[in-house]
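To start, the structure under review is shown below, and the notes come after it.
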Amino acid sequence: MKAIQTQDYSIFFNQQSYLALNDYLKSTNFSNLFVLVDSNTSDLCLPHFLAQVETSLTIEIIEIEAGETHKTIETCLGVWQTLSDLGADRKTLLINLGGGVVTDLGGFVGCTYQRGITFINVPTTLLSMVDASIGGKNGVDLGVIKNQIGIIKTAKMVLIDTSFLNTLSSREMRSGLAEMLKHGLIYDTPYYNKLTQLKALKIEDLDQLIYESVIIKKDIVEQDPTEQHLRKTLNFGHTLGHAIESYYLNDKNKALLHGEAIAAGMIMEAYLSSELLNFTKEDLNKIKANTINLYGKVDIIEADYAPIIDLMKFDKKNEKGIINFVLLEAIGKAKTNCQATNNLIINSFKFYSA
Ligand SMILES: NC(=O)c1ccc[n+]([C@@H]2O[C@H](COP(=O)([O-])OP(=O)(O)OC[C@H]3O[C@@H](n4cnc5c(N)ncnc54)[C@H](O)[C@@H]3O)[C@@H](O)[C@H]2O)c1
Ligand SMILES: [Zn+2]
Numbered sequence: 143m144k145a146i147q148t149q150d151y152s153i154f155f156n157q158q159s160y161l162a163l164n165d166y167l168k169s170t171n172f173s174n175l176f177v178l179v180d181s182n183t184s185d186l187c188l189p190h191f192l193a194q195v196e197t198s199l200t201i202e203i204i205e206i207e208a209g210e211t212h213k214t215i216e217t218c219l220g221v222w223q224t225l226s227d228l229g230a231d232r233k234t235l236l237i238n239l240g241g242g243v244v245t246d247l248g249g250f251v252g253c254t255y256q257r258g259i260t261f262i263n264v265p266t267t268l269l270s271m272v273d274a275s276i277g278g279k280n281g282v283d284l285g286v287i288k289n290q291i292g293i294i295k296t297a298k299m300v301l302i303d304t305s306f307l308n309t310l311s312s313r314e315m316r317s318g319l320a321e322m323l324k325h326g327l328i329y330d331t332p333y334y335n336k337l338t339q340l341k342a343l344k345i346e347d348l349d350q351l352i353y354e355s356v357i358i359k360k361d362i363v364e365q366d367p368t369e370q371h372l373r374k375t376l377n378f379g380h381t382l383g384h385a386i387e388s389y390y391l392n393d394k395n396k397a398l399l400h401g402e403a404i405a406a407g408m409i410m411e412a413y414l415s416s417e418l419l420n421f422t423k424e425d426l427n428k429i430k431a432n433t434i435n436l437y438g439k440v441d442i443i444e445a446d447y448a449p450i451i452d453l454m455k456f457d458k459k460n461e462k463g464i465i466n467f468v469l470l471e472a473i474g475k476a477k478t479n480c481q482a483t484n485n486l487i488i489n490s491f492k493f494y495s496a
């Protein structure tokens, strides 16, 4: 697969990734190389990765705990301290090898350590390949509030080796698929239709679909890198989805993966679209059926509505206290800065649960 060139960095695929990385290491003069992993990618991805890297630089590994609840400033403190203790300087290269938690947090550490060092993202989950590792959004959660602290700066390169997906659970694969469905719903109808016809998430079939998702995200980000208008559309499903994710984050039995929460959010925001825009009931029912078929239904009871709605006040698209949704005019066409009444939002929960 051909490398994808963005305005300021390149995204390489599979074996070509390692050729590009090794060329880059040969032509640069870094002091040392740090690889950030989590407790799973350390065992499942690091050996394969290190076997491909050709360099005489000293390589240090920093490992963090896996999972969203560790995407915090406290984890950053540990990583900053370890970098410092092990002699990282301004010419250190940081490679983030993991899912969205590692690339979001590692990117933030890379942007802030000694006011910024070079970092490269090597995504190892489907979600981070198609979404989190691309576009330069880095950051951490503040308590349960998602991505409240962060910075926008792109990685030096992104290396997508889809063979890492061989060890990913089917639940995590489905979580990543949610962001791909989102890309289709906001930007590309044929792409959405192709995804809904998938019988199984097989890596052979996914390679091309991952590539297309990366192109969609890249196209959107390039037209609006600082999220003034078009880039907001990537938040479809996320206004309600992030609030739902936050609400259940610390509940061991009900905690959702990011994509699972976004899947629920997309159904509810499709409902708002049908009430507020000309989004057809036929498409609404199609999205609901497809999505529930894949993800099942989150058991949201009426007592949860108010606290979840309350969490939406932290959404980063809000302006002057007004909650702004991204809604759909049609499949493949999104509209930003839409507002909904509290009653309508409650109805969207009821529609989802019905
Ligand atoms: N920056 C962005 O633009 C952006 C976009 C979308 C999502 N995100 C963020 O990404 C995060 C979700 O990413 P995620 O779903 O990758 O979560 P994650 O990083 O927590 O990874 C999911 C789980 O899979 C494990 N894992 C990683 N690679 C593996 C592999 N190859 N085999 C087996 N297990 C593996 C991880 O250790 C973890 O337990 C959220 O925090 C979300 O907010 C960011
Ligand atoms: Zn997301």
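Residue 488 in our numbering sits at position 346 of the sequence shown, with consecutive numbering throughout. Beta carbons: idealized from backbone N, C-alpha and C, even for Gly. Computed from a predicted model, the values in this text were never measured in an experiment.
> Between ALA405 and MET299, is the Cβ-Cβ spacing less than 8 Å?
Replying inline: Contact: no.
> Relative to the alpha-carbon of LEU398, which residue among ARG313, VAL177 and ASN164 has its alpha-carbon at the smallest distance?
Replying inline: ARG313
> Taking Cβ to Cβ, would you say ASP457 is nearer than 8 Å to HIS384?
Replying inline: Going by C-beta atoms, ASP457 is nearer than 8 Å to HIS384.
>> Suppose contacts are defined by Cβ-Cβ distances below 8 Å. Is VAL177 in contact with ILE237 by that definition?
In response: yes
> When you compare only the Cα positions, how much space is there between GLU216 and GLU210?
Replying inline: 13 Å
> Should THR170 go down as buried or exposed, given a rule of 16 or more other Cβ atoms within 10 Å for buried?
Replying inline: By the Cβ neighbour-count rule, THR170 is exposed, with fewer than 16 other Cβ atoms within 10 Å of its own.
> Helix, strand or coil: which one does DSSP assign to PRO332?
Replying inline: PRO332: helix per DSSP, three-state reduction.
> Is CYS480 helix, strand or coil by DSSP?
Replying inline: strand
> Is GLY281 helix, strand or coil by DSSP?
Replying inline: Looking at GLY281 - three-state DSSP - the assignment turns out to be strand.
> Would the beta-carbon of THR331 fall within 8 Å of that of ILE473?
Replying inline: yes
> Does the Cβ-Cβ distance between VAL356 and ILE146 come in under 8 Å?
Replying inline: Cβ distance < 8 Å, so VAL356 and ILE146 count as in contact.
> Can you tell me where the alpha helix (DSSP H) with THR217 in it begins and where it stops?
Replying inline: 215 to 227
> Of the choices TYR329, PHE155, THR200 and SER490, whose alpha-carbon is the least far from that of THR266?
Replying inline: PHE155
>> Which same chain residues end up closer than 6 Å to MET143 when comparing Cβ atoms and leaving out the 5 residues on each side of it in sequence?
In response: PHE155 and TYR353
>> Report the CB separation of GLY241 from SER270 in whole angstroms; it is logged as a contact under 8 Å.
In response: 5 Å
>> Helix, strand or coil, according to DSSP, for GLN149 in the structure here?
In response: coil
> If SER173 sits next to THR234, beta carbons under 8 Å apart, how far is it from one beta carbon to the other, in whole angstroms?
Replying inline: 6 Å
> Near ASP349, which residues of its chain fall below 6 Å by C-beta distance, leaving aside the five closest residues on each side in sequence?
Replying inline: THR304
> Apart from the five residues on each side of it in sequence, which residues of its chain come closer than 6 Å, Cβ to Cβ, to TYR160?
Replying inline: Within the same chain, TYR160 has close Cβ partners GLN194.
> On the three-state DSSP scale, how would you describe GLN158?
Replying inline: helix
>> For LEU469, list the residues DSSP reports as bridge partners.
In response: LYS477
> CA-CA distance, SER184 and LEU167?
Replying inline: A direct Cα-to-Cα measurement between SER184 and LEU167 gives close to 22 Å.
>> Among ASN460, LEU436, SER490 and GLY277, whose alpha-carbon lies nearest the alpha-carbon of LYS359?
In response: GLY277
> How would you label GLU471, buried or exposed, when you count the other beta carbons within 10 angstroms and need 16 or more for buried?
Replying inline: exposed
>> Among ILE204, ILE450, GLN370 and GLU196, whose alpha-carbon lies nearest the alpha-carbon of ASP227?
In response: ILE204
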